[in-house]
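Here full-length UniProt numbering is used: position 135 in the sequence shown is 135, and no number is missing along the way.
All C-beta atoms, glycine included, are put in the ideal place defined by N, C-alpha and C.
All of these numbers come straight from a predicted model, not from anything done at the bench.
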Amino acid sequence: MAQLRSAVRAFVAVGHAPGDVLAGANRTLIDLGSGLLASCCYLHLDPAGHRAWAVRAGHPPPLLRHPDGHTDVLDLETGPLLGVDHASHYPPTPVDLPPGSALALYTDGLVEERGTPIDVGIDHLRSSLAHARADSLDELADRLLQHAQRSSYRADDIALLLTEYRPAATGHQPPRRR
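Okay, here's the thing in structure tokens:
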């Protein structure tokens with residue numbers, strides 16, 4: 001995973017478009033010869049354009065909480081898992097970011113429960129994000145992770161990344177991240 005993370009950073013650093021970042025990471029993982037597969041969701045944030053470009057490789061879809069609290073599971077095009085095929089294609093999807101919105105990216109370990117379809121877990125997280133009240137991204141993350149902490153069964157790692165889009169009144173500022 002460290003090698004894959006480094007590959008993603010290298011493709012981003014040289015200015016590749018989001019779909020090309022995942023295509024390059026895919027080829028790198030295959031070339032490493034490990035036989036491993038990985039899922040990934042990559043978002044390129046463009047605060048000046050009020051949008052992000054999202055690319056998925058078999059990863060759970062991000063969630064977007066609008067300023068009024070309504071929360072959507074983002075319907076993104078998706079490519080196959082990384083490590084499957086050298087010729088895999090990863091189409092980018094534009095995501096409009098209203099001021100005051102929040103994006104949530106998470107691993108499947110947060111939403112999977114034994115004997116329950118993953119869509120049920122994703123919808124539970126979507127509902128929790130829609131109704132959670134918090135004064136900070138740290139507090140919001142804690143609230144979203146509470147259910148996972150109470151679960152007696154977790155077969156996979158749990159990770160959650162939240163970012164909030166709040167442009168400055170005199171220009172644009174980068175989104176806050178946790």
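Run through the DSSP bridge pairs and tell me what residue 58 is partnered with.
Counted from its first residue, the sequence shown places residue 58 at position 58. Answer is 40.
Residue 127 by DSSP, collapsed to three states: which one?
As a position in the sequence shown, residue 127 is number 127, starting the count at 1. Reduced to three states, the DSSP call for residue 127 is helix.
By DSSP, does residue 79 sit in helix, in strand, or in coil?
As a position in the sequence shown, residue 79 is number 79, starting the count at 1. Residue 79: strand per DSSP, three-state reduction.
Between the stretch 56-68 and the stretch 8-17, do at least 3 Cβ pairs fall closer than 8 Å?
no
Specify, as a first and last residue, the run of the beta strand (DSSP E) that residue 104 falls within.
Taking the first residue of the sequence shown as 1, we reach residue 104 at position 104. Its beta strand (DSSP E) spans residues 101-106.
Nearest residue (CA-CA) to residue 74, options 82, 56, 88:
Taking the first residue of the sequence shown as 1, we reach residue 74 at position 74. The shortest C-alpha separation from residue 74 is found at 56.
Determine, using beta-carbon pairs with one atom in the stretch 46-53 and one in the stretch 28-36, whether at least three such pairs fall under 8 Å.
Under the 8 Å Cβ criterion, the stretch 46-53 does not count as touching the stretch 28-36, having fewer than three qualifying pairs.
Does the stretch 99-110 come close enough to the stretch 75-87 to have 3 or more Cβ pairs within less than 8 Å?
no
Tell me, which residues are paired with residue 63 by DSSP?
Taking the first residue of the sequence shown as 1, we reach residue 63 at position 63. According to DSSP, which records beta bridges pairwise, residue 63 is partnered with 73, 104.
CA-to-CA distance, residue 98 to residue 170, given in whole angstroms
The residue labelled residue 170 in the question sits at position 170 within the sequence shown. The residue labelled residue 98 in the question sits at position 98 within the sequence shown. Any reading at residue 170 must be qualified, since the residue scores a pLDDT of 48, below 50, and its modelled position is unreliable; the value itself is stated next. Whole-angstrom Cα-Cα distance: 17 Å.
If you reduce the DSSP assignment to three classes, tell me which class residue 161 lands in.
Looking up residue 161 in the sequence shown gives position 161. Looking at residue 161 - three-state DSSP - the assignment turns out to be strand.
Residue 112 by DSSP, collapsed to three states: which one?
Position 112 of the sequence shown, counted from the first residue, corresponds to residue 112. Residue 112 carries a coil assignment under DSSP once its states are collapsed to helix, strand and coil.
Please list, in chain order, all residues of the same chain as residue 128 whose beta carbon is under 8 Å from its beta carbon, the five residues on each side excluded.
Along the sequence shown, read from residue 1 onward, the residue named residue 128 stands at position 128. Only residues of its own chain outside the window of five on either side were considered, and among them 143, 144, 147 have a CB closer than 8 Å to the CB of residue 128, listed in chain order.
Going by other Cβ atoms of all chains shown within 10 Å of its Cβ, with 16 needed for buried, is residue 61 buried or exposed?
Counting from one through the sequence shown, the residue named residue 61 turns up at place 61. The residue is buried, with at least 16 neighbouring Cβ atoms inside 10 Å.
Could you give the DSSP three-state label for residue 170: helix, strand or coil?
Taking the first residue of the sequence shown as 1, we reach residue 170 at position 170. Low confidence applies here, because residue 170 scores a pLDDT of 48, under 50, leaving its location unreliable; read the following figure in that light. Residue 170 falls in the coil class under three-state DSSP.
For residue 131, count neighbouring Cβ atoms within 10 angstroms of its own Cβ and tell me buried if that reaches 16, exposed if not.
Start at 1 with the first residue of the sequence shown, and residue 131 comes out as number 131. Residue 131 comes out exposed.
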